[in-house]
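**Student:**
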Amino acid sequence: MESLPTTNQGWIDLGSQYLLRQPIRTAPLVPVRGEGLYMWDAEGKRYIDFQSGQLCVALGHSHPEYVQAVRDQAGLIMQTGTAFIAPSEVLLAKKIAEVSPDPLQKSFFACTGSESNEMAMRLIRKYTGRFEFIALMRGYHGQTAGSWSITGRGGMLRDGYGPVPTGTAFIPPPYSYRCQYCKDDGCCNLGCADAAEYVIDTATSGKPAAIFFEPLLSAAGQIVPSEAWMHRIAEICKARDILMVADEALTCFGRTGKWFAFEHFGIVPDIVTCSKGLGGAVPLCAVLTSAEIADG
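If you're matching positions, the sequence shown starts at 133 in the working numbering and goes up one per residue.
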């Protein structure tokens, strides 16, 4: 029998032969076990996992109740098909509706954050009859074709892949720390929101279907919008009948101290996309919206 590697580098070398990797540097350690906030590498060294399993394991690694729930469901039934409703699916959707502000009520489930944004885009096009989208420069929404088209990041995410699908106009992020519109500290005049309005009016039909935004732009370096910016964008969208989509992949279900990060800003988006912490390491995402949009 072929012997397995016993070192981090051994696993990395073996993986390089068989794994198709993203164009990012491979970490020098290979986690093989986790418990709570700790994880252990292939050589038995313990680490504190400050990234929380890339923000997926909100309860920590291998929480006993979570592990038991997975085992219980696996012992009942693991797969049926999209023609059927699963009791666990219904109960989860009900629980999400109970902690969500009105009118958010109905959920659609899939596996990944990219998928949740893809499904939101399809739902929006069907509901509005329009196809254009607005997204933020430096924002991140996934790496599938549709979610990639609303991701406002360049470099290795764009280099060598050719043109992205069309139909998205990008607006500047509300980056007050290094703002290109306000040169003095504390002078915010919402110039970035004015620029957003200008982009919508000049680079689109004037009535795009929706804007995708992260309540906290994580991949951009933890950019936190101001409440004033969020309300101004909401006003711009309302005046033009543009739906607001909050991508809460990294912030949903308690990560920021509230069930959703958008609640810190006193707004309720039309659609919310959730993943990562929702599944607690099991691949799971949700698109949450109102009954009107879901049934429209």
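The beta carbon of each residue, even a glycine, is placed where N, CA and C say it ideally should be.
(1) Name the DSSP bridge partner or partners of Y170?
(2) So, at 6 Å on beta carbons, what are the nonlocal neighbours of A351 in its own chain, with the 5 sequence-adjacent residues on each side left out?
(3) So, helix, strand or coil for A371, using DSSP?
(4) If I measure Cβ to Cβ from M122 and keep anything under 7 Å in the same chain, skipping five residues before and after, which residues do I get?
(5) Could you have a look at R228 and say whether DSSP puts it in helix, strand or coil?
(6) Of the residues D181, C369 and W361, which one's Cα is nearest the Cα of L322?
(7) Using 8 Å for Cβ pairs, my map puts Y198 next to G386. What's the rounded Cβ distance?
(8) Am I right that P305 and I355 are in contact with their C-beta atoms under 8 Å? What's the rounded C-beta distance?
(9) Which first and last residues belong to the alpha helix (DSSP H) in which K258 is found?
(10) Round the Cβ separation of A267 and G284 to the nearest angstrom and send it over; I've been treating them as touching at under 8 Å.
(11) Measure the C-alpha to C-alpha separation of F302 and V331 and round it to an integer number of angstroms.
(12) Assign V162 to one of three DSSP states: helix, strand, or coil.
(13) Pull up the CB-CB distance for L224 and S422, whole angstroms please, since I reckon it's below 8 Å.
(14) Output the residue ranges of the beta strand (DSSP E) runs that lie fully inside the segment 387-427 and measure 3 residues or longer, sorted by chain position.
(15) Please determine, among L349, Y313 and T334, the residue with the shortest C-alpha to C-alpha distance to A325.
(16) Less than 8 Å between the CB atoms is what I'm expecting for D174 and V189, so what's the real figure, rounded?
(17) So what does K238 bridge to, in DSSP terms?
(18) Which residues share a DSSP beta bridge with T300?
(19) Would you kindly report the start and end of the unbroken beta strand (DSSP E) that includes A342?
(20) Quick one: what's got a C-beta closer than 8 Å to H363's C-beta in the same chain, skipping five residues either side?
(21) Could you name the residues of the same chain whose beta carbon sits closer than 6 Å to that of I425, not counting the 5 residues immediately before and after it, in chain order?
(22) If you draw a straight line from the alpha carbon of A335 to that of A341, how long is it in whole angstroms?
(23) Ignore the nearest five residues each way along the sequence and tell me which others in K390's own chain have a CB closer than 8 Å to its CB.
(24) If I measure Cβ to Cβ from A100 and keep anything under 8 Å in the same chain, skipping five residues before and after, which residues do I get?
(25) Based on the DSSP secondary-structure assignment, which residues constitute the bridge partners of L349?
(26) Tell me whether M210 sits in a helix, a strand or coil according to DSSP, three-state version.
(27) State the DSSP-derived secondary structure class of D379, mapped to helix, strand or coil.
(28) What is the DSSP secondary structure of H363, reduced to helix, strand or coil?
(29) Using 8 Å for Cβ pairs, my map puts S281 next to G299. What's the rounded Cβ distance?
**Tutor:** In terms of the structure at hand:
(1) E167 and I180
(2) Y272
(3) helix
(4) The requested residue 122 does not occur in the structure, where the chain is confined to residues 133 to 428.
(5) The sequence given here places Ile at residue 228; Arg does not occur at that position. Of the three classes helix, strand and coil, the one that applies to I228 here is helix, per DSSP.
(6) W361
(7) Going by Cβ atoms, the distance from Y198 to G386 rounds to 15 Å, so no, they are not a contact pair.
(8) 6 Å
(9) G245 to T260
(10) 6 Å
(11) 8 Å
(12) coil
(13) With a Cβ gap of about 18 Å, L224 and S422 do not count as contacting.
(14) 403-406 and 417-422
(15) Y313
(16) The sequence given here has Ala at residue 174, not Asp. The pair is not a contact, with the Cβ atoms about 19 Å apart (cut-off 8 Å).
(17) T421
(18) F265
(19) A342 to F345
(20) F397, G398 and I399
(21) Y259
(22) 14 Å
(23) H396
(24) Outside the displayed range of the chain (133 to 428) lies residue 100, so it cannot be described from this structure.
(25) I355
(26) coil
(27) strand
(28) helix
(29) 7 Å
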